[in-house]
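For what it's worth, my numbering labels the leading residue of the sequence shown as 1, then goes sequentially.
What follows is a short report on a single structure.
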Amino acid sequence: MRFAISTSGCKVNQYESQCLREGLLSAGHTEQPFSEPGADWYIINTCTVTHRSDADARNLMRRALRLGGRVAVTGCQAVVYPEDIRAVSEEVVVVRPERLGGVFGITLPQAISTFDGHSRAFVKVQQGCDMFCSYCIVPHARGKPETRPGEKVVAEVNALADAGYAEVVLTGINIGLYEGGLALLVEKVLSETSIPRIRISSLEPWTVEERLIALVADEPRMCKHLHLPLQHGSDVLLKAMGRPYTAGYFRSLLERIASRSEDIAVGADVIVGFPGEDRALFEESRSFIRDIKVAYLHVFPFSPRPGTPAARMDGRPGDEEVRVRARRLRDLSREKRQSFARFRMGCEEDLLVTRVCPGSFFGVTSNYLTVQAKGAATEGDIVRVRLSEMDGNTLRGETLEQHADC
Ligand code: SF4
């Protein structure tokens, strides 16, 4: 059987697609690009965090139907809104993720051995969330929290290191809910593997343990990077979102992180246009974000998800107003990125090479800066550079032979 997979959404989806890919390949099936005709099955692994991701998935389904072959849709949209998928075409097969093995007559592997098309590998350590933030559909799609045993995580990280990966990203739906504490898992991975770099993916602010901050700050193999979904800088809206912390708590968390190490880049997610966000609350949020020490923002216009409490809330600002607010926050993010890059200028950093071009290459530093450097390199390798220049939004580095600290 020939198959093609298209994956959208988070790192967990990417990981699960890789499991499916490995299961199908080891059963003797053949993969081909999604854009080409000739596959027996076009498999679409969907995300449903915004109405935009739903629309993108519907477009992919239509494209796959035109290519011929059968179309299977799995992932979060298949769990939460199966009727929307069937409305595109009766021919599309909706498959809940746990049924994928049965539909394709394979046993899904319990671990991955490589990560196709990526210079670093994602490792799922946890699944599910029971927080039910008022805007979020994810708990409906992903169920209750489940922790993956540390031994399995370690075995997978070791296999990926043996396959040549220099960095793994520990990921999950809400990894701060890891049973026993995420810090305990990180300590185990540090002591029982020799993977050169370990990065932690998005972590809910109220789940960040002091021990974890210390590990990120002090352990050379830990990437100096945390991504914390703030979502809003006004307590009124944090409460309406069902987020169990205040802006003041977030500020003090950033201060605690900075007091352990100034080198840690902290990124934040922000939702704009949530119901009840009038101009004053938006300005309050923007000025809060302007004053705190974050290195970049991911800005998401609010998207009402049917079945969540926020979808029924009044007081949404108009679309044009939301566009303007999102643009202002993205401008602020650009300023923050540049200011963090300037702060690191002259420092030596290890780049994980993510893209190679003629005469130069791009890579990502431990603290999540994207850097271009001249010379030759191999994707997936770690190369030492000194940050030397900012050219617009491009940060450049000089390749170094010897290691020395900033
Ligand atoms: S903690 Fe994260 S995944 Fe869980 S409900 Fe809130 S936003 Fe969604």
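Idealized CB from N, CA, C, for every residue including glycine.
Looking at residue i and the ligand SAH, is the gap between the Cβ and the nearest heavy atom below 7 Å?
i      : result
Val266 : By its list of ligands, the structure shown excludes the ligand SAH, since it contains just the ligand SF4.
Excluding sequence positions up to five away, which residues of its chain have a Cβ less than 8 Å from the Cβ of residue i?
i      : result
Glu398 : Ala373, Lys374, Val385, Arg386 and Ser388
Gly164 : Gly380
Thr394 : Gln372
Leu95  : Note that residue 95 corresponds to Val in the displayed sequence, not to Leu. The answer, listed in chain order, is Ala72, Val73, Thr74, Ala78 and Val103.
Lys188 : Gly150, Val153 and Val154
Given that a residue counts as buried once 16 or more other Cβ atoms are within 10 Å of its Cβ, and exposed if not, what is residue i?
i      : result
Ala247 : buried
Tyr162 : Checking the sequence shown, residue 162 turns out to be Asp, not Tyr. Counting Cβ neighbours within 10 Å, Asp162 comes out exposed, since fewer than 16 surround it.
Cys357 : exposed
Lys144 : exposed
His51  : exposed
Thr7   : buried
Arg327 : exposed
Met1   : exposed
Gln110 : exposed
Arg243 : buried
Arg305 : buried
Pro220 : exposed
Ala408 : Lying before the first or after the last residue shown, residue 408 is absent from the chain, which here runs from 1 to 406.
Grouping DSSP H, G and I as helix and E and B as strand, with all else coil, what is residue i?
i      : result
Ala111 : coil
Pro309 : helix
Ala121 : strand
Phe34  : coil
His29  : coil
Arg384 : strand
Pro97  : helix
Glu22  : helix
Pro205 : helix
Leu369 : coil
Asp391 : strand
Ile106 : coil
In chain order, what residues of the same chain have a beta carbon less than 7 Å from the beta carbon of residue i, not counting five sequence neighbours either side?
i      : result
Leu65  : Val71, Ser89 and Glu91
Asp263 : Lys224 and Asn367
Ser17  : Ile5, Thr7 and Asn45
Leu431 : Residue 431 lies beyond the stretch modelled for the chain, which goes from 1 to 406, so this question has no answer here.
Ala121 : Phe115, Leu160, Tyr165 and Val168
Leu212 : Leu182, Ala183 and Val186
Ala404 : Per-residue confidence for Ala404 stands at a pLDDT of 49, beneath the threshold of 50, marking its modelled position as unreliable; the derived number appears in the next sentence. Here the set comprises Glu348.
Gly38  : Arg2 and Gln32
Thr193 : Val154, Val157, Asn158 and Ala161
Ala341 : Leu369, Met390 and Leu395
Going by DSSP, name the residue or residues bridged to residue i.
i      : result
Leu212 : Beta-bridge pairing links Leu212 to no other residue.
Ser360 : Cys357 and Lys374
Thr46  : Gly75
Leu400 : For Leu400, which the question treats as bridged, DSSP gives no partner whatsoever.
Gln127 : Glu146
His298 : Asp269
Leu351 : Val383
Ser6   : Ile44
For residue i, which residues from the same chain have a beta carbon less than 6 Å from its beta carbon, with the 5 sequence-adjacent residues on both sides left out?
i      : result
Ser261 : Ala217
Entirely enclosed beta strand (DSSP E) segments - the segment 223-285, minimum 3 residues: 225-231 and 265-272
Ignoring anything shorter than 3 residues or poking outside the segment 131-199, list the beta strand (DSSP E) runs there in chain order. 167-171
Runs of 4 residues minimum, wholly inside the segment 58-95: which ones carry the alpha helix (DSSP H) assignment? 76-80 and 82-88
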